[in-house]
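J.: Here full-length UniProt numbering is used: the first residue of the sequence shown is 1, the next is one more, and so on.
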Amino acid sequence: MMFIIKSNMNITLFHSKHLKKYKRIGCYCYSIDFKHGENQILPKKYEPKIVEKSKNTVLPNIKSLNHNTDNRKTFSIILPPPNITGSLHLGHALTATIQDIIVRWYRMRGVDVVWVPGTDHAGIATQVVVEKKLFAEKNVNRQDIGRKAFNQEVIKWKESKISIIRNQLKNLGVTLDWNRETFTMDEKQNRAVNEAIIRLFDSKLLYRKYSLVNWCCSLQSTVSDIEIDHKEILGRTYISLPGNNRPAEFGILTDIAYKIHNSDQEIIVSTTRPETLLGDVAVAVNPDDVRYKGLNGVKLWHPFRKCTIPLIYDHSVDKHFGTGAVKLTPAHDVFDFELAAKHDLPIINVIDESGNINCEYDEFNGLPRYEARTAIVQKLKEMNLLRDSKEHKMSIPICSRTGDIIEHLPKLQWFINCKEMAQKASESLRNGKLTIEPTHYHNQWFLWLDNSKDWCVSRQLWWGHRLPLFETKYGWISAHNTDEAIKKIGAKIKLSEKEMATLDIRQEEDVLDTWFSSALLPFSSFGWPDETVDLKKYYPLSVMETGHDILTFWIARMVMLGTFLTGSLPFKNVVLHGMICDSHGRKMSKSLGNVVDPEDIINGISLEDLQNKVKANAKSGTISYDELEKALVRQKKLFPDGIKESGTDALRLTLVSQNIKNQVIHFDVNECYQNRMFCNKIWQATRFVLMWAKEKKVHDYISPTPSNMIQFWILSRLGDCVHKINNSFQNYDIYIATNKLRKFFYNEFCDVFLETCKPIFDHGTDEEIQTTCKVLLYVLDTSLRLMNPLMPFLSETLYCALPGKSNTPIAYTKFPEPIEYTQWLNEQLDADMRTVKDIVTAIRRIRSINNFSKDQSEIILHSKCHKLLHKYEDIIQHLSGSTLCFVEENSNLKLNSISDIVGDHTEIHLLLKGGSLEYKKYYSILNSRRQRLQKQVMKMEKSLSLSKTFKNSTENSRVARGDKMHSLMEEINRISMYMKTIKDKELVAD
1 MMFIIKSNMN
11 ITLFHSKHLK
21 KYKRIGCYCY
31 SIDFKHGENQ
41 ILPKKYEPKI
51 VEKSKNTVLP
61 NIKSLNHNTD
71 NRKTFSIILP
81 PPNITGSLHL
91 GHALTATIQD
101 IIVRWYRMRG
111 VDVVWVPGTD
121 HAGIATQVVV
131 EKKLFAEKNV
141 NRQDIGRKAF
151 NQEVIKWKES
161 KISIIRNQLK
171 NLGVTLDWNR
181 ETFTMDEKQN
191 RAVNEAIIRL
201 FDSKLLYRKY
211 SLVNWCCSLQ
221 STVSDIEIDH
231 KEILGRTYIS
241 LPGNNRPAEF
251 GILTDIAYKI
261 HNSDQEIIVS
271 TTRPETLLGD
281 VAVAVNPDDV
291 RYKGLNGVKL
301 WHPFRKCTIP
311 LIYDHSVDKH
321 FGTGAVKLTP
331 AHDVFDFELA
341 AKHDLPIINV
351 IDESGNINCE
361 YDEFNGLPRY
371 EARTAIVQKL
381 KEMNLLRDSK
391 EHKMSIPICS
401 RTGDIIEHLP
411 KLQWFINCKE
421 MAQKASESLR
431 NGKLTIEPTH
441 YHNQWFLWLD
451 NSKDWCVSRQ
461 LWWGHRLPLF
471 ETKYGWISAH
481 NTDEAIKKIG
491 AKIKLSEKEM
501 ATLDIRQEED
511 VLDTWFSSAL
521 LPFSSFGWPD
531 ETVDLKKYYP
541 LSVMETGHDI
551 LTFWIARMVM
561 LGTFLTGSLP
571 FKNVVLHGMI
581 CDSHGRKMSK
591 SLGNVVDPED
601 IINGISLEDL
611 QNKVKANAKS
621 GTISYDELEK
631 ALVRQKKLFP
641 DGIKESGTDA
651 LRLTLVSQNI
661 KNQVIHFDVN
671 ECYQNRMFCN
681 KIWQATRFVL
691 MWAKEKKVHD
701 YISPTPSNMI
711 QFWILSRLGD
721 CVHKINNSFQ
731 NYDIYIATNK
741 LRKFFYNEFC
751 DVFLETCKPI
761 FDHGTDEEIQ
771 TTCKVLLYVL
781 DTSLRLMNPL
791 MPFLSETLYC
801 ALPGKSNTPI
811 AYTKFPEPIE
821 YTQWLNEQLD
831 ADMRTVKDIV
841 TAIRRIRSIN
851 NFSKDQSEII
861 LHSKCHKLLH
871 KYEDIIQHLS
881 GSTLCFVEEN
891 SNLKLNSISD
901 IVGDHTEIHL
911 LLKGGSLEYK
921 KYYSILNSRR
931 QRLQKQVMKM
941 EKSLSLSKTF
951 KNSTENSRVA
961 RGDKMHSLME
971 EINRISMYMK
981 TIKDKELVAD
């Protein structure tokens, strides 16, 4: 076994017996598999598992590459840390693939690259999933075992999941700087988090106040907006809630009468939450609403609290909602809370943290909130105060972690004053110091930051960063630990040693919002708060690439905190990619059965094993048993034969084949297998080239000398490919690179150039064959280096098989630069060959539609560019498989032919052989084919007109179906043209 070390762009090979010596002096070593070296013949079949099994042959020596002491340009980036809640999904694979492609491109261009991996402790999400696991396996909850024991369970979970995530990332072939790996609750990150909170508190930007928060009763904690799903319902809907025996009713608008005090008059309010009537403190109407003119200052009688509440006027009330009069319950509604503050109204909390009614009215006290709803409506009916109830469209906030309905509760919480930080973050985009792509997200950025509210950062959880805040009788103090807090408060208040020794002090129990610690990663990853060498060198980051769904929750907060804590933007460029959905545009969800594990695409999986995974999710409590049945049915429909093995390279290629900057990225598992076939095409083409290179003993191909026009043409197309791929990587338009590479290698290199080489190999001179081999190897060498960022495993294996390259890992080679290939660019030659290819395509098409074999195909060409076609006659004949005849004028053409046109310059005539009976046979075959296609179109039109799926489908899927329809209609029209040609030439009777 041989090993390799890398230092300052020099490669050193050594035998395994010296391995200990190099490791002892701190070198990072990895093995090289020479199985497919230049003296070996590649296996006939491309097998992803075999190609990818020695993954360490693909991962470059990150340590030595990234720690040179030279003055190279730097490129720094962090991987958005995946949550430790489970294994990676396709969204993670997309992000990792995009970043790895860009990182490889920069590294191969000699840039000093740092790419930091890490994982997020994911406070709420992890606590919920571990609680579910404990309950499913041991029938206990966290309260049963206590905080310390529960956190030990979470740590065990964390260790197992981090190992899985790390292996999954390595299986994707990503070249992360693993020696820099972070975890948002490791020692260094804890110190950074504490320091950030201390600085915010000491700057009076972190404060505590009584405010309305998003409260999850099941979780017993506040949750952030991103952890809330909004379920839209059109009317009466029953929803099952955790811990409730019966589903709760939603989607009903109830009209309730409030009597004017000491009067027979009443005001009817409309509400979707009758249970909060117990906490009403006022009724509000719009002053412009004529229905309520002249009622200013009246008092209304509260039917349960037996007291009066005011009628108030405010322009913010929607007079078109219900009766135009709304009840105000500031303790349980955000709008009501703001209105109460504006009008100096009291706050009466009638729902406790567990979601039970908490009031002085014994009949309802202690009832679960939705049981109380039913009871209160019934009581109002008995009191003759219920006026109406009707179905109503509404949006219900649901905790994404527990499935419980979010309750708004007034709580004492810790907040960060974001006003000034938000203004600076907003201004950074306006003045061009920060860029965000795509630009249509600018409005979202401005809207969120210009209307930014203070950030509630405290969470009532057990898993997370405990706030480094300590309470004493002298007030709150911030510190890294208790001893520091005592010294700090002692110095501030001037306490004696004895007073400090006996000081009653306690640390805040609440933990921080998960987004806070992850918002520090751009600088905490490089040693902040210390002024480290790495921090100076790699901060700010070169780019932040992530999904658009966390623009405000993560990116905006990184910018705010980075600017405040370091004095500079954490990055100057932001690139956002879309949300990955299934091929129908639906969000991937375990309950829908359309979630696909990247490993299952790489290795393949049977339907039975897929369904066993879903059943395991139900057993662990990840999905309910109701969701299980639906998921199994949908999964069987989506993957009736399971998922075919496609390999990592095919998966990576599929993930970035669409524009990543689109709002939604449609992922079709079937495309992965198609891309595996493309990988196989590359494999077979390489085998073909290597076979001839070996036979002709061609080793030197660094500077090829093309000897014919087709060789000059392929080099011109190669140069164009190099230019476009570099530009697309520079602009993060990776799909342009993938499409260009596929078009070049498949349609130009394989379909055209390789085919034109075969006659030379069969009949050419040794010199012609030698030259051809050198051009082939030169193009192949460049192509594989272009492929490496996209398909690292395949390109590495094939590159090592090239002559003289067996000891050179492709990751250490130079990426093809446009300037090196400018000499080959030839626009006129490219245009000429486009004409040639169009004519070849037309000949193949006319032959194929008419079902003519090669030996039946005699083609007559009449063209305005006949000189060009004569020049490439041999190529056209070889590629089209037809015998050509050129004519100057078409007036003397034989009548027995079918015609087609290429552009405005060339007529193609396919000669028909035989007599009248044969012509009738041709006509009949064409007519049958046309009828078959017409039936297909009619069936498709009917399906589309009835299909709800099509009406609700994404623009991409509609475009794809439209393209299919257009293709069918085009073929029908062409067949009709051929049939008309036969008729017009009187080859058949009517």
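Just so you know, even glycine gets a beta-carbon here, dropped at the ideal spot from N, CA and C.
In three-state terms, what does DSSP make of GLN507?
T.: Note: GLN507 maps to strand in three-state DSSP.
J.: Could you give the distance in angstroms between the alpha-carbon of GLN189 and the alpha-carbon of ARG199?
T.: Each residue's Cα considered, the two are about 15 Å apart.
J.: In the DSSP assignment, find the unbroken beta strand (DSSP E) run with ALA284 in it and report its ends.
T.: Looking at the DSSP string, the run of the beta strand (DSSP E) that includes ALA284 is 282–285.
J.: According to DSSP, is ILE416 helix, strand or coil?
T.: Looking at ILE416 - three-state DSSP - the assignment turns out to be strand.
J.: Let me make sure I understand the geometry here. Which of PRO274, LEU311, LEU610 and GLY297 has the alpha-carbon closest to that of residue 993?
T.: Absent from the model: residue 993. The displayed extent of the chain is 1 to 990, so no value can be given.
J.: Spatial neighbours of LEU561 within its chain, please: C-beta separation below 7 Å, excluding the five flanking residues on both sides.
T.: Contacts found: ALA196, ALA519 and LEU520.
J.: Between which two residues does the alpha helix (DSSP H) containing LYS805 stretch?
T.: Taken as a continuous stretch (DSSP letters only), LYS805 belongs to no alpha helix (DSSP H), as it is neither H nor E.
J.: Tell me which residues share the same chain as LEU884 and place their Cβ nearer than 7 Å to its Cβ, disregarding the 5 neighbours each side in the sequence.
T.: So the qualifying residues of the chain are ILE859, LEU861, GLU873, ILE876 and GLN877.
J.: Restricting to Cα atoms, I'd like to know which of ILE972, ARG652, GLN931 and THR835 is closest to HIS92.
T.: Answer by Cα proximity: ARG652.
J.: To the nearest angstrom, how far is it from the Cα of PRO816 to the Cα of GLN413?
T.: For PRO816 and GLN413, the distance between alpha carbons rounds to 56 Å.
J.: To the nearest angstrom, how far is the alpha carbon of ILE416 from that of ARG742?
T.: Whole-angstrom Cα-Cα distance: 50 Å.
J.: Can you tell me the Cβ-Cβ gap for TYR673 and LYS696, rounded? I've got them flagged as a contact below 8 Å.
T.: Going by Cβ atoms, the distance from TYR673 to LYS696 rounds to 35 Å, so no, they are not a contact pair.
J.: Quick check on the DSSP output: the beta strand (DSSP E) that includes HIS870 runs from which residue to which?
T.: Run containing HIS870: none in the beta strand (DSSP E); it sits in the alpha helix (DSSP H), 866–871.
J.: For GLN143, which option in ASN727, ILE843 and LEU461 has the closest C-alpha, if you only look at C-alpha atoms?
T.: It is LEU461 whose Cα lies nearest to the Cα of GLN143.
J.: Anyone know if the C-beta pair for PRO598 and LEU88 falls short of 8 Å?
T.: Yes.
J.: Quick check on LYS980: buried or exposed, where buried means 16 or more other Cβ atoms within 10 Å of its Cβ?
T.: So LYS980 counts as exposed.
J.: According to DSSP, simplified to helix, strand and coil, what is THR182?
T.: Strand, per DSSP.
J.: What does PHE712 pair with, by DSSP beta-bridge criteria?
T.: BP columns for PHE712 are empty, so no partner.
J.: Give me the Cβ distance between ASP333 and HIS392, rounded to the nearest whole Å; I'm assuming they're in contact under 8 Å.
T.: Going by Cβ atoms, the distance from ASP333 to HIS392 rounds to 16 Å, so no, they are not a contact pair.
J.: Candidates TYR799, ILE239 and ASP904: which alpha carbon is nearest ILE398's?
T.: It is ILE239.
J.: Given a cut-off of 8 Å, decide if PRO81 and THR184 are closer than it, judged by their beta-carbon atoms.
T.: In this structure, PRO81 lies closer than 8 Å to THR184 by Cβ.
J.: As an exercise, report each continuous beta strand (DSSP E) stretch of at least 3 residues that is fully enclosed by the segment 190–227, in chain order.
T.: Runs of the beta strand (DSSP E) inside the segment 190–227: 206–216.
J.: Which of the three DSSP states is assigned to HIS862 in this structure?
T.: HIS862 falls in the strand class under three-state DSSP.
J.: Assuming the contact rule is C-beta atoms closer than 8 Å, TYR313 and PRO287 should be a hit. Round their C-beta distance to whole Å, please.
T.: That belief holds up - the Cβ atoms of TYR313 and PRO287 are roughly 4 Å apart, short of 8 Å.
J.: Let me know the secondary structure DSSP gives ASN451 once reduced to three states.
T.: ASN451 falls in the coil class under three-state DSSP.
J.: PRO410 bridges to which residues according to DSSP?
T.: BP columns for PRO410 point to LEU212.
J.: Any chance the segment 446–463 sits against the segment 571–590, with 3 or more Cβ pairs inside 8 Å?
T.: Not touching, per the Cβ criterion.
J.: Quick one: grab the DSSP three-state call for ALA325.
T.: Here ALA325 sits in strand by DSSP.
J.: Counting Cβ pairs closer than 8 Å, one from the segment 609–616 and one from the segment 628–637, do we hit at least three?
T.: Touching, yes, given that three or more Cβ pairs across the two stretches are closer than 8 Å.
J.: With three or more C-beta pairs closer than 8 Å as the rule, is the segment 72–86 touching the segment 106–121?
T.: Output reads yes: the segment 72–86 touches the segment 106–121.
J.: Do the segment 243–255 and the segment 265–282 meet, that is, are 3 or more Cβ pairs less than 8 Å apart?
T.: Judged by Cβ distances under 8 Å, the segment 243–255 makes contact with the segment 265–282, as three or more pairs qualify.
J.: Assess, as a yes-or-no matter, whether the segment 500–517 is touched by the segment 463–475 under the definition of 3 or more beta carbon pairs within less than 8 Å.
T.: At 8 Å Cβ cutoff, the stretches touch.
J.: Quick check: the Cα distance between VAL800 and HIS584, rounded to an integer number of angstroms?
T.: Before going on, a small fix: residue 800 reads as Cys here, not Val. About 40 Å.
J.: When the Cβ atoms of the segment 533–550 are set against those of the segment 562–573, are three or more pairs found closer than 8 Å?
T.: Verdict: yes, contact present.
J.: Is VAL114 helix, strand or coil by DSSP?
T.: Three-state DSSP puts VAL114 in a strand.
J.: Are PRO468 and ASN194 closer than 8 Å when you measure CB to CB?
T.: Yes, these two residues count as a Cβ contact at 8 Å.
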